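A.B. asks: The opening position of the sequence shown corresponds to residue 49 in our numbering, with each subsequent residue numbered one higher.
Below is one structure. I have some questions about it.
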Amino acid sequence: MARVYNWQIAREMSYWYPESRPKRQFAAVFDVNKCIACQTCTLACKTTWTSGRGQEYMLWNNVETKPYGFYPLAWDVKLLAMLNGQRWKGARYEGATIFESAPAAERVLGWRPTAADYAYPNVGEDDCAGEINRGAAMTLPHASWFFYLARICNHCTYPACLAACPRGAVYKRPEDGIVLVDQSRCRGYQECVKACPYKKVFFNPMSGVSEKCIACYPKLEQGLQPQCFVNCIGKIRLAGWISTPDKARPENPVDYLVHVRKVALPLFPQFGLEPNVYYIPPVHVPLRFLEQMFGPGAADAVRVYRAAAEDADLSGLLCLFGSTEALLARWRRHGAAVSGYDESGRELVRVPLSEPILVRAAYDERRRIARTNCP
Ligand code: SF4
Ligand code: SF4
Numbered sequence: 049m050a051r052v053y054n055w056q057i058a059r060e061m062s063y064w065y066p067e068s069r070p071k072r073q074f075a076a077v078f079d080v081n082k083c084i085a086c087q088t089c090t091l092a093c094k095t096t097w098t099s100g101r102g103q104e105y106m107l108w109n110n111v112e113t114k115p116y117g118f119y120p121l122a123w124d125v126k127l128l129a130m131l132n133g134q135r136w137k138g139a140r141y142e143g144a145t146i147f148e149s150a151p152a153a154e155r156v157l158g159w160r161p162t163a164a165d166y167a168y169p170n171v172g173e174d175d176c177a178g179e180i181n182r183g184a185a186m187t188l189p190h191a192s193w194f195f196y197l198a199r200i201c202n203h204c205t206y207p208a209c210l211a212a213c214p215r216g217a218v219y220k221r222p223e224d225g226i227v228l229v230d231q232s233r234c235r236g237y238q239e240c241v242k243a244c245p246y247k248k249v250f251f252n253p254m255s256g257v258s259e260k261c262i263a264c265y266p267k268l269e270q271g272l273q274p275q276c277f278v279n280c281i282g283k284i285r286l287a288g289w290i291s292t293p294d295k296a297r298p299e300n301p302v303d304y305l306v307h308v309r310k311v312a313l314p315l316f317p318q319f320g321l322e323p324n325v326y327y328i329p330p331v332h333v334p335l336r337f338l339e340q341m342f343g344p345g346a347a348d349a350v351r352v353y354r355a356a357a358e359d360a361d362l363s364g365l366l367c368l369f370g371s372t373e374a375l376l377a378r379w380r381r382h383g384a385a386v387s388g389y390d391e392s393g394r395e396l397v398r399v400p401l402s403e404p405i406l407v408r409a410a411y412d413e414r415r416r417i418a419r420t421n422c423p
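In structure tokens, the structure reads:
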């Protein structure tokens, strides 16, 4: 085991290979507060990449309702129960990661789902934590809650799938940090499936090898965002590149949200993989739940997000989510508009911070029609 630095847990940790960061790292921010569980992202991915034989059960992108939704069943609670003693001291994680908790002769603490575990991707959909007594839903705030968690592969800095593969078939691209399975090297041992805590590697029983989310790299190579991003109805997603905290650039949209404003947080940072999909946590969910899921920064992230309406820069950047198919390398607010740019500084999109409100007459004289959507 090597010693590597994981900034998400503010300490060094053990990992199977030495630290080797790519030239740049693909990353994403998902605003959980805006997801409506329409599953358009799920279908955009499904029809693009997993419509073949042996892929029927695979959802490289899935959206589950927390707290009771899982794909596969109990993927997170099972590992959390195995990972004893999760302790944080400030920003530092003092418990053991899944690499440091590996049983003797194994590289990662993990478990392998059965076929039945994948059979209920919509389990727990719209189920609340707690009960809503008759009429209580009309009183706000009420104590019952749920939220939608959209998930793809995190293209982790320290991938468990890569660490666990005895064939060296899983690799991380040096040019963009995307994690891929080399199908010609894979022998179908499924150690990656067992090791990935997020369960985002899938075994194809027809081909006998493992497959996973590829972050739509053919699109990224053309400067475009992945399919699940550009088809997102709720406009909850932004793809880009993340720096390490010491090299954060405020003009980079992902750096600004993750490092500067700290409003977007990793999913289960205590697992130790330094995952690169970051979540703006749901503001209506009890803090203890959020802290277990997103780490000790949850309270501050919720506070910053709640104040976004009075924060022109943050709300401006949030307006760029879902505004263009192009990957945005930089952003800038100028007055009441915000722009996104490519690497060379070319403006790709410009969005106003607020849209004008037009009140239309109930009867349109020119077209001689009544509008039923007007009072
Ligand atoms: S989320 Fe899982 S499959 Fe994706 S890189 Fe991390 S460990 Fe590998
Ligand atoms: S398309 Fe967007 S809003 Fe719809 S479920 Fe997916 S992430 Fe949520």
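We put the beta carbon where it would ideally sit given N, CA and C, even for glycine.
Given the structure is predicted, the values throughout are model-derived calculations rather than measurements.
1) Just the C-alpha distance for R394 and G158, rounded to the nearest angstrom, thanks.
2) Can we count Q87 as close to ligand 2, meaning its CB is less than 6 Å from some heavy atom?
3) Out of Y196, G183, W289, A92, state which residue places its alpha-carbon closest to the alpha-carbon of E223.
4) Can you tell me whether G364 is buried or exposed? The criterion is at least 16 other CB atoms within 10 Å of its CB, across all chains shown.
5) Hey, is the region 257-271 in contact with the region 218-234, meaning 3+ C-beta pairs nearer than 8 Å?
6) Should P423 go down as buried or exposed, given a rule of 16 or more other Cβ atoms within 10 Å for buried?
7) Tell me whether R415 sits in a helix, a strand or coil according to DSSP, three-state version.
8) Find the nearest neighbour of A211 within the set E413, E112, F147, judged by alpha-carbon distance.
9) Restricting to Cα atoms, I'd like to know which of I417, C93, A139 is closest to E60.
10) If we ignore side chains and look at the alpha-carbon of each, how far apart do P400 and R354 end up?
11) Taking only heavy atoms of ligand 2 into account, decide whether any of them is closer than 6 Å to the Cβ of I290.
12) Please list, in chain order, all residues of the same chain as Y389 whose beta carbon is under 8 Å from its beta carbon, the five residues on each side excluded.
13) Looking only at DSSP bridge pairs, what is I57 linked to?
14) What are the partner residues of T113, as DSSP defines its beta bridges?
15) Return helix, strand or coil for K71, following the three-state DSSP convention.
16) Exposed or buried, which one is V407 when buried takes at least 16 other CB atoms within 10 Å?
17) When DSSP labels each residue in this structure, what does S363 get in the three-state scheme?
18) Report back the beta-carbon spacing between T434 and I405 to the nearest angstrom; my notes put them in contact at under 8 Å.
19) Exposed or buried, S99, counting other C-beta atoms within 10 Å across all chains shown (16 or more means buried)?
20) P207: beta carbon under 6 Å from a heavy atom of ligand 1?
21) Would you call the region 306-323 and the region 49-59 in contact, with 3 or more CB pairs under 8 Å?
22) Mind listing, in chain order, the continuous alpha helix (DSSP H) runs of no fewer than 4 residues lying wholly within the region 187-254?
23) What number of angstroms, rounded off, separates the C-alpha of W187 from the C-alpha of L315?
24) With three or more beta-carbon pairs closer than 8 Å as the criterion, would you say the region 285-303 touches the region 65-75?
25) Please confirm whether P329 and F337 have their CB atoms less than 7 Å apart.
26) Grab me the residues of G133's own chain with a C-beta within less than 6 Å of its C-beta, minus the 5 sequence neighbours each way, in chain order.
C.D. replies: On the basis of the data shown:
1) Mapped onto the sequence shown, residue 394 falls at position 346. Mapped onto the sequence shown, residue 158 falls at position 110. If I take the Cα positions, the gap works out to 45 Å.
2) Position 39 of the sequence shown holds residue 87. Q87 Cβ: within cutoff of ligand 2.
3) Counting from 1 along the sequence shown, the entry for residue 223 is found at position 175. With respect to the C-alpha of E223, the residue from Y196, G183, W289, A92 having the closest C-alpha is W289.
4) For the purposes of this step, residue 364 is identified with residue 316 of the sequence shown, where counting begins at 1. Buried, by the Cβ-count rule.
5) Judged by pairs of C-beta atoms under 8 Å, the region 257-271 touches the region 218-234, as three or more such pairs exist.
6) One-based indexing of the sequence shown puts residue 423 at position 375. For P423, the predicted structure reports a pLDDT of 49, less than 50, and the residue's modelled location is therefore unreliable. A value from the coordinates is still provided. Taking all protein chains shown into account, P423 has fewer than 16 neighbouring C-beta atoms within 10 Å of its C-beta and is therefore exposed.
7) Position 367 of the sequence shown, counted from the start, is the residue given in the question as residue 415. Correct three-state label for R415: coil.
8) Counting from one through the sequence shown, the residue named residue 211 turns up at place 163. For the residues E413, E112, F147, the minimum Cα distance to A211 belongs to F147.
9) Here residue 60 corresponds to residue number 12 of the sequence shown, with the count starting at 1. Of the candidates I417, C93, A139, A139 places its Cα closest to the Cα of E60.
10) Sequence index remark: in the sequence shown, residue 400 carries index 352 (1-based). Sequence index remark: in the sequence shown, residue 354 carries index 306 (1-based). Taking the straight line from one Cα to the other gives about 20 Å.
11) As a position in the sequence shown, residue 290 is number 242, starting the count at 1. For I290, the shortest separation between its Cβ and any heavy atom of ligand 2 does not lie below 6 Å.
12) One-based indexing of the sequence shown puts residue 389 at position 341. The beta carbon of Y389 sits closer than 8 Å to those of L376, A377, R378, W379, R380, E395, L396, all from its chain and outside the five residues before and after it, given in chain order.
13) Numbered from 1 along the sequence shown, position 9 holds the residue referred to as residue 57. Looking at the DSSP output, I57 shares a beta bridge with no other residue.
14) As a first step, residue 113 is located in the sequence shown; it is residue number 65 there, counting from the start. Y196.
15) In the sequence shown, counting from the first residue as 1, residue 71 sits at position 23. Coil at K71, not helix or strand.
16) Residue 407 sits at position 359 when you count from the first residue of the sequence shown. V407 is exposed by the Cβ-count criterion.
17) Residue 363 sits at position 315 when you count from the first residue of the sequence shown. Helix, per DSSP.
18) The displayed coordinates of the chain run from 49 to 423. Any statement about residue 434 would go beyond what the structure contains.
19) Numbered from its first residue, the sequence shown carries residue 99 at position 51. S99 sits exposed, since fewer than 16 C-beta atoms from the chains shown fall within 10 Å of its C-beta.
20) The residue you call residue 207 lines up with position 159 of the sequence shown. Checking the Cβ of P207 against ligand 1 gives yes.
21) With the cut-off at 8 Å, the region 306-323 and the region 49-59 touch.
22) Taking only runs of at least 4 residues, the alpha helix (DSSP H) segments lying wholly in the region 187-254 are 208-212, 239-243.
23) Taking the first residue of the sequence shown as 1, we reach residue 187 at position 139. Taking the first residue of the sequence shown as 1, we reach residue 315 at position 267. Contrary to the premise, residue 187 reads as Thr rather than Trp in this sequence. Cα to Cα, the separation comes out at about 31 Å.
24) The region 285-303, when compared against the region 65-75, does touch it at the 8 Å Cβ threshold.
25) In the sequence shown, counting from the first residue as 1, residue 329 sits at position 281. In the sequence shown, counting from the first residue as 1, residue 337 sits at position 289. No; because the gap between Cβ atoms is not below 7 Å, this pair is not in contact.
26) Sequence index remark: in the sequence shown, residue 133 carries index 85 (1-based). Closer than 6 Å at Cβ, skipping near neighbours: G143.
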